Amino acid sequence: MDIKKIFTGRWQVAVLAISACFLWGSAFPSLKISYAEIMPFNVNAYDRMIFASLRFFIASLMLFSIILINGQRKELFKIKKYFLLLLILGAMQTSLQYFFFYNGLANTTGVKSSIISTSGIFMTVIASHFVYKNDKLDFKKSIGIILGFLGVLFVNLNRGELNAAFLFAGEGFLIISAAISAAASFLAKKLTGSLNALIVTAWQMFMGSLLLFTAASTGSNFNRLSFSPISVVLLFYLAFISAAAFALWYTLIKYNALGFVTIYKFMIPVSGVFLSSILLPGERINLIIVASMLLVSLGIIIINYRPGLLKNKYI
Numbered sequence: 001m002d003i004k005k006i007f008t009g010r011w012q013v014a015v016l017a018i019s020a021c022f023l024w025g026s027a028f029p030s031l032k033i034s035y036a037e038i039m040p041f042n043v044n045a046y047d048r049m050i051f052a053s054l055r056f057f058i059a060s061l062m063l064f065s066i067i068l069i070n071g072q073r074k075e076l077f078k079i080k081k082y083f084l085l086l087l088i089l090g091a092m093q094t095s096l097q098y099f100f101f102y103n104g105l106a107n108t109t110g111v112k113s114s115i116i117s118t119s120g121i122f123m124t125v126i127a128s129h130f131v132y133k134n135d136k137l138d139f140k141k142s143i144g145i146i147l148g149f150l151g152v153l154f155v156n157l158n159r160g161e162l163n164a165a166f167l168f169a170g171e172g173f174l175i176i177s178a179a180i181s182a183a184a185s186f187l188a189k190k191l192t193g194s195l196n197a198l199i200v201t202a203w204q205m206f207m208g209s210l211l212l213f214t215a216a217s218t219g220s221n222f223n224r225l226s227f228s229p230i231s232v233v234l235l236f237y238l239a240f241i242s243a244a245a246f247a248l249w250y251t252l253i254k255y256n257a258l259g260f261v262t263i264y265k266f267m268i269p270v271s272g273v274f275l276s277s278i279l280l281p282g283e284r285i286n287l288i289i290v291a292s293m294l295l296v297s298l299g300i301i302i303i304n305y306r307p308g309l310l311k312n313k314y315i
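The opening position of the sequence shown corresponds to residue 1 in full-length UniProt numbering, with each subsequent residue numbered one higher.
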């Protein structure tokens, strides 16, 4: 089987990229549902962190398996030189980011979370202007950023005013999570210049999940977590989302120009909003949600699009 052919065909790339984004988008309603199943009683932030640590520990094992199947055993364990950087990345991208994400999501809706979380994409573009000499802001990127942040602002509007339901421990935590994700992406980029991207992801998830579990164990009451058959299925599905989406995504960007793949990221908020409205009781799509979703999606497309992109898609 010609793997490169599968991952470079125009329609195959579209289907696979949208599938990865759909998986990421499905995490929002899946997490909300899992909260009700796994944590039916009064829980605190530590309890949610136990759940998050289990998810990413399992996801890291899935990624390790993929790496070993690909015959990269030697590369997998050649990390001594990068151990500290991987540990820092795990602390940022898994431990800290998902502390704020899981607790923020618990205090707002899946629909709003799907849109607010895209702010990390726009923060990364802004920060890149100051970090990289060859990645400066231009008119096109600026328009995309403005549209994106307008979408994030609109989703918190209610009858023309900032919604009084905006909570620092809800929407605020999601914005902090997005900012941490943006900051961590620069360290991840540095590491992936020397190590395979899947190996970086697997190790940072593994280390980050252990740090998260250790910290959460100091304040969690394990008796509050209910691991029924349904909850176990949800836990493994969420782990699968992380492993499968990253595996698909990194394989796509290995064989294709980055912009040709990342332009499909607009499907993350779109799928997150629609799946949340379908699967979560009481969550509905209104005009403000639609406007917000369109703005952030258009912002992502504008930032990543360039003339001739669809014709010159190979690296």
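For glycine and all other residues, C-beta sits at the position ideal for the given N, C-alpha and C. Quick caveat: nothing in here was measured; it's all calculated off a predicted structure.
Continuous alpha helix (DSSP H) stretch holding residue i: start and end
| i | result |
| --- | --- |
| Ala202 | 197 to 217 |
| Gly193 | Unbroken run through Gly193: none, as it is neither H nor E. |
| Leu61 | 45 to 69 |
| Asn221 | Asn221 -> no alpha helix (DSSP H), and no H or E assigned at all. |
| Phe77 | From DSSP, Phe77 is part of no alpha helix (DSSP H); its letter is neither H nor E. |
| Lys32 | 10 to 38 |
| Gln97 | 97 to 106 |
| Met123 | 119 to 131 |
| Lys81 | Careful: Lys81 lies outside any alpha helix (DSSP H) and carries neither H nor E. |
| Ser142 | 139 to 154 |
| Gly110 | 110 to 116 |
| Lys4 | 3 to 6 |
Spatial distance of residue i from residue j (CA atoms)
| i | j | result |
| --- | --- | --- |
| Arg159 | Ala291 | Note that Arg159 has pLDDT 42, beneath the 50 cutoff, so the model's placement of it is unreliable and no number is given. |
| Leu238 | Leu31 | 8 angstroms |
| Ile230 | Ser34 | 9 angstroms |
| Leu162 | Ser65 | Residue confidence is low: Leu162 scores 48 on pLDDT, short of 50, so the model does not pin down where it sits. Its coordinate-derived value is still stated next. Straight-line Cα distance between these residues: approximately 46 angstroms. |
| Trp249 | Ala17 | 7 angstroms |
| Met205 | Ser228 | 25 angstroms |
| Leu298 | Asn156 | 18 angstroms |
| Lys136 | Ile303 | 12 angstroms |
| Ile175 | Val273 | 17 angstroms |
| Val15 | Phe22 | 10 angstroms |
| Asn70 | Lys78 | 16 angstroms |
| Leu195 | Pro281 | 43 angstroms |
| Leu150 | Asn134 | 26 angstroms |
| Lys140 | Phe168 | 31 angstroms |
| Gly193 | Gln72 | 17 angstroms |
| Ser271 | Lys112 | 12 angstroms |
| Trp203 | Ala52 | 16 angstroms |
| Asp138 | Ile126 | 10 angstroms |
| Tyr82 | Ala91 | 14 angstroms |
| Ser217 | Ile143 | 45 angstroms |
| Val152 | Leu63 | 32 angstroms |
| Leu275 | Arg306 | 30 angstroms |
| Leu279 | Ala215 | 32 angstroms |
| Lys80 | Tyr132 | 27 angstroms |
Proximity below 8 angstroms, CB of residue i to CB of residue j
| i | j | result |
| --- | --- | --- |
| Phe154 | Ile301 | no |
| Gly110 | Glu283 | yes |
| Ile145 | Phe122 | yes |
| Leu54 | Leu235 | yes |
| Phe100 | Ile180 | yes |
| Leu68 | Leu61 | no |
| Gln12 | Ile6 | yes |
| Phe56 | Ser242 | yes |
| Met293 | Ile115 | yes |
| Asn103 | Phe28 | no |
| Val232 | Thr118 | no |
| Leu211 | Leu85 | no |
| Thr8 | Asn256 | yes |
| Ala197 | Leu89 | no |
| Ile38 | Ser209 | no |
Contact set for residue i: own chain, Cβ-Cβ below 6 angstroms, skip 5 residues either direction
| i | result |
| --- | --- |
| Ser220 | Tyr46, Asp47, Ile50 |
| Phe246 | Thr201 |
| Thr124 | Ala182, Ser185 |
| Ile285 | Ser277 |
| Ala59 | Met205, Ala239, Ser242, Ala243 |
| Gly120 | Ala178, Ser181, Ala182 |
| Leu87 | Met207 |
| Thr262 | Asn304 |
| Thr108 | Gly170, Glu171 |
| Gly148 | Phe122, Val296, Gly299 |
| Phe213 | Ser53 |
Cβ neighbours of residue i in the same chain (closer than 7 angstroms, five flanking residues each side left out)
| i | result |
| --- | --- |
| Val43 | Arg224 |
| Ile253 | Val261 |
| Thr251 | Phe7 |
| Ser128 | Asp135 |
| Ser19 | Leu248 |
| Ala106 | Tyr35, Arg48 |
Beta-carbon proximity list for residue i, same chain, < 8 angstroms, skipping 5 on both sides
| i | result |
| --- | --- |
| Gln97 | Ser177, Ile180, Ser181, Ala184 |
Problem - Segments of 3+ residues assigned as beta strand (DSSP E) that fall wholly inside the stretch 228 to 288 - result: none
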